[in-house]
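So the sequences go chain by chain: A and B. According to the numbering used here, the first sequence is numbered sequentially starting from 1. According to the numbering used here, the second sequence is numbered sequentially starting from 180. Quick notes on the structure that follows.
Protein chains: 2
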Amino acid sequence: MDVKTLCLGVLSRADASGYEIRKEFEEGPLSHFCDAGFGSIYPALKKLSDEGLIAAAAAGPDARPDKKVYRITPAGRHALYQALMRTPGGDKLRSDFMFALFFAHLLPPAHLDRMLAERLADYRGAIQEMEGCCGQPMAAGEKFVHGLGLAIYRAAAAYIEEHRHEVVGGALLTQRVAE
Amino acid sequence: MDVKTLCLGVLSRADASGYEIRKEFEEGPLSHFCDAGFGSIYPALKKLSDEGLIAAAAAGPDARPDKKVYRITPAGRHALYQALMRTPGGDKLRSDFMFALFFAHLLPPAHLDRMLAERLADYRGAIQEMEGCCGQPMAAGEKFVHGLGLAIYRAAAAYIEEHRHEVVGGALLTQRVAE
DNA sequence: AGGTACATGTAAGCTGTTACATGATTTT
DNA sequence: AAAATCATGTAACAGCTTACATGTACCT
Numbered sequence: 001m002d003v004k005t006l007c008l009g010v011l012s013r014a015d016a017s018g019y020e021i022r023k024e025f026e027e028g029p030l031s032h033f034c035d036a037g038f039g040s041i042y043p044a045l046k047k048l049s050d051e052g053l054i055a056a057a058a059a060g061p062d063a064r065p066d067k068k069v070y071r072i073t074p075a076g077r078h079a080l081y082q083a084l085m086r087t088p089g090g091d092k093l094r095s096d097f098m099f100a101l102f103f104a105h106l107l108p109p110a111h112l113d114r115m116l117a118e119r120l121a122d123y124r125g126a127i128q129e130m131e132g133c134c135g136q137p138m139a140a141g142e143k144f145v146h147g148l149g150l151a152i153y154r155a156a157a158a159y160i161e162e163h164r165h166e167v168v169g170g171a172l173l174t175q176r177v178a179e
Numbered sequence: 180m181d182v183k184t185l186c187l188g189v190l191s192r193a194d195a196s197g198y199e200i201r202k203e204f205e206e207g208p209l210s211h212f213c214d215a216g217f218g219s220i221y222p223a224l225k226k227l228s229d230e231g232l233i234a235a236a237a238a239g240p241d242a243r244p245d246k247k248v249y250r251i252t253p254a255g256r257h258a259l260y261q262a263l264m265r266t267p268g269g270d271k272l273r274s275d276f277m278f279a280l281f282f283a284h285l286l287p288p289a290h291l292d293r294m295l296a297e298r299l300a301d302y303r304g305a306i307q308e309m310e311g312c313c314g315q316p317m318a319a320g321e322k323f324v325h326g327l328g329l330a331i332y333r334a335a336a337a338y339i340e341e342h343r344h345e346v347v348g349g350a351l352l353t354q355r356v357a358e
């Protein structure tokens, strides 16, 4: 999904500034499957504004002077709708981690072990964080995505836990050949 | 992972032409987490060749006249090693499907239902295909990645199966508001 | 006084996608 | 004879990342 659509999605939920949109991608419920830096968000907001899909809104009275808050327009909601409807199926797992592990026989066992431990810690952290926000009320879609993410993270964590010794052990055996 | 590294990975397993590398990404065991079209593969091979990371190898005697087979060089193996070692953690799920579903309340229930059914069919197909190739012998890394992919697909399929009615039902309830 | 968080933006460069352009060989 | 598969490549464009450039406000 391009950054423009990502921004429209955030703005469909609430008015926000570029800075706040970034925070959504880093912390909010969208953070697990979105990403964008300032370098893409600000140009995207400018384009969206030029196209009339978002408009400047009033910032709070105690906001910084340079803060610019945007609000989605009806045309913007329609554009978001179109983009969501266009979404075709089939995204791959596209993962550098998977790719690297596929070539486990080329890597030092200690490195593999560290990679697996780090990834496991990441998943556990994400799971804990996601379990923590079950209290809040969520829309059906949000809840579904939350649950699906959690299910995937749990399955991945459990699999790594169970099988990490195999891949590190296998690498130990073929170590001399690889080097 | 950039296309150059993807190509090095394929070539670390066997000599291949650009066309054959593409097939690996479409069908082979790497296909679930890699992707690249001709438009990126051929330029990548040219660059790798210029950098001395791969070299032209002899094509079979009954190969087409324009076929170019490449072989990875020792420098290429080293570059692959460096790239795999550099791999940092933390890839997100980055999924258009997840993003779209997050906004389920904005979409027609029939569309949601179709999206979910298609995705479920995709997962089931992938699972079947992956279960089918369990007979072949695999290196430890390949086996691990295969198992992890399977675990993730199974978890996702099971979750969608169990919860698809909730998200479609939820959308039915808020349908009028969204439209 | 210094660090962190807030706040916005530009510009260069890299990468990848899409569409185009071409042609041989095998299968139906 | 037509269609599918094999086979390679270029060029224009779109998009994102990184680094840079700037400045305010709050907390310690």
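Just so it is clear, CB atoms sit at the ideal spot from N, CA and C, and this is done for glycine as well.
Item, Value
"Figure out for me which residue from A/Glu-166, A/Arg-124, A/Glu-51, A/Gly-141 has the closest Cα to the Cα of A/Ala-79.", "A/Glu-51"
"Using DSSP with H/G/I as helix, E/B as strand and the rest coil, what is B/Glu-341?", "helix"
"Which runs of the beta strand (DSSP E) fall wholly inside the stretch 242 to 298 of chain B and span at least 3 residues, in chain order?", "248 to 251"
"Can you tell which of A/Phe-97, A/Ala-155, A/Thr-5, A/Asp-62 has its C-alpha closest to the C-alpha of B/Leu-185?", "A/Phe-97"
"Measuring CB to CB, does B/Ala-296 end up less than 8 Å from B/Val-346?", "no"
"Give a yes or no on whether 8 Å exceeds the smallest Cβ distance from B/Leu-190 to chain A.", "no"
"If the cut-off is 7 Å on Cβ atoms, which residues from the stretch 27 to 57 of chain A count as contacting chain B, listed in chain order?", "Leu-30, His-32, Phe-33, Cys-34, Asp-35"
"Rounded to whole angstroms, what is the Cα-Cα separation between A/Leu-53 and A/Asp-2?", "15 Å"
"Give the residues from the stretch 68 to 82 of chain A that approach chain B closer than 9 Å (Cβ to any Cβ), ordered along the chain.", "Arg-77, Leu-80, Tyr-81"
"So A/Ala-44 is in the alpha helix (DSSP H); what residue range does that whole segment cover?", "38 to 50"
"Establish whether the CB of B/Lys-271 and some CB of chain A are separated by less than 8 Å.", "yes"
"Starting from B/Glu-199, trace the alpha helix (DSSP H) in both directions and tell me its first and last residue.", "197 to 205"
"Given that A/Tyr-159 touches chain B, what residues does it touch there, using C-beta distances under 7 Å?", "Gly-326, Leu-327, Ala-330"
"Is the number of C-beta pairs between the stretch 297 to 310 of chain B and the stretch 332 to 342 of chain B that are closer than 8 Å three or more?", "yes"
"Between the C-alpha atoms of B/Arg-256 and B/Pro-240, what's the straight-line distance to the nearest angstrom?", "27 Å"
"Got a sec: is the Cβ-Cβ distance from B/Leu-285 to anything in chain A below 8 Å?", "yes"
"Residues in the same chain with beta-carbon distance under 7 Å from B/Ser-219, minus the five sequence neighbours each way, listed in chain order, please.", "Val-182"
"Strictly below 8 Å CB to CB, what residues from chain B border A/Ser-95?", "Phe-212, Asp-270"
"Does B/Arg-201 come within less than 8 Å of chain A when only Cβ atoms are used?", "no"
"Beta strand (DSSP E) containing B/Ala-234: first to last residue?", "233 to 236"
"Out of A/Val-145, A/Arg-114, A/Ala-56, A/Leu-107, point me to the one whose CA is closest to B/Ser-274's CA.", "A/Val-145"
"Would you mind telling me which residues of chain B sit closer than 7 Å to A/Met-1, beta carbon to beta carbon, in chain order?", "Asp-275, Phe-278"
"Three-state secondary structure (DSSP) at B/Gly-365?", "In the structure displayed, chain B extends from 180 to 358; residue 365 of chain B sits before or after that span and is not available."
"Less than 8 Å between the CB atoms is what I'm expecting for A/Ala-100 and B/Leu-263, so what's the real figure, rounded?", "5 Å"
"Considering only the alpha carbon of each residue, which of B/Tyr-221, B/Pro-287, B/Lys-271, B/Glu-199 lies closest to A/Leu-30?", "B/Lys-271"
"Can you look up A/Leu-30 in the DSSP assignment and give me helix, strand or coil?", "coil"
"Below 8 Å on the Cβ atoms is my contact criterion, and I expect A/Ile-72 with A/Arg-119 to pass it. Report the Cβ-Cβ distance as a whole number of Å.", "About 36 Å separates the two Cβ atoms, so there is no contact after all."
"Give every residue of the same chain whose Cβ lies closer than 8 Å to the Cβ of B/Ser-196, excluding the five residues on either side of it in the sequence, and list them in chain order.", "Ala-238, Lys-246, Lys-247, Val-248, Tyr-249"
"Buried or exposed, going by whether 16 or more other CB atoms sit within 10 Å of the CB of B/Glu-205?", "exposed"
"Looking at the secondary structure, which residues open and close the alpha helix (DSSP H) in which B/Cys-313 lies?", "Run containing B/Cys-313: none; DSSP gives neither H nor E here."
"Return the chain-ordered list of same chain residues with a C-beta closer than 8 Å to the C-beta of A/Tyr-42, the five sequence neighbours on each side being excluded.", "Gly-18"
"What residues in its chain sit with their C-beta under 6 Å from that of A/Ala-75, if we drop five residues either side in the sequence?", "Gly-52, Leu-53"
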